[in-house]
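Participant:
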Amino acid sequence: MSDLFSKFDDIIEMRRDLLATGVEDPFNLVMEQVLSPTVAVCNGRETILLGTYNYMGMTFDPDVIEAGKDALDRFGSGTTGSRVLNGTYIGHREVEEALKDFYAMDHAMVFSTGYQANLGIISTIAGKGDYVVL
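The sequence shown runs 74 to 207 under my numbering.
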């Protein structure tokens, strides 16, 4: 029986070789302070943020911050689990209702992350024998 992780040996060696050339390890990036929707201090340097989920630039919007504080007071800091089991809050339903009405659709569904949205839609529309290119 082979080592469970041996399939990663080539990738580990490739990463080790790349880092030996002086390339900075991307997994060593630490965000110490967020200065604005597009700038943060990372590893002691001011850095432009090009890969955040802050699509609409609302990170520091006072209304969003206040709504977040209100949600913490009302619901605490955890999700209590997945939405399927016990994690759907009234806010989820309110947002879905507002989106449904705004887009004049019969239904709407929101996901906690872009990754979950991709999993949800891909597993819904793709079937056996289909190819999905991301």
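Every residue gets a Cβ at the ideal spot worked out from N, C-alpha and C, and that includes glycine.
1) Starting from T120 and walking both ways along the beta strand (DSSP E), at which residues does that stretch end?
2) Assuming V96 and N116 are in contact, meaning their beta carbons sit under 8 Å apart, how far apart are those beta carbons, in whole angstroms?
3) Where do the N-terminal and C-terminal ends of the alpha helix (DSSP H) with V112 fall, by residue?
4) Are the segment 154 to 169 and the segment 178 to 192 touching by the rule of at least three beta carbon pairs closer than 8 Å?
5) If we ignore side chains and look at the alpha-carbon of each, how far apart do L91 and F175 end up?
6) Just checking, does the segment 98 to 113 make contact with the segment 127 to 134 on the three C-beta pairs under 8 Å criterion?
7) Please tell me whether G164 and T152 are closer than 7 Å, where the distance is taken between their beta carbons.
8) Do you know how far the Cα of N127 is from the Cα of E119?
9) Only counting the same chain, and skipping five residues up and downstream in sequence, which positions put a Cβ closer than 8 Å to that of G193?
Facilitator: With the given structure in hand:
1) 118 to 121
2) The pair is not a contact, with the Cβ atoms about 14 Å apart (cut-off 8 Å).
3) Where V112 is concerned, there is no enclosing alpha helix (DSSP H), although the beta strand (DSSP E) it sits in stretches over 112 to 115.
4) yes
5) 49 Å
6) yes
7) no
8) 17 Å
9) M182, F184
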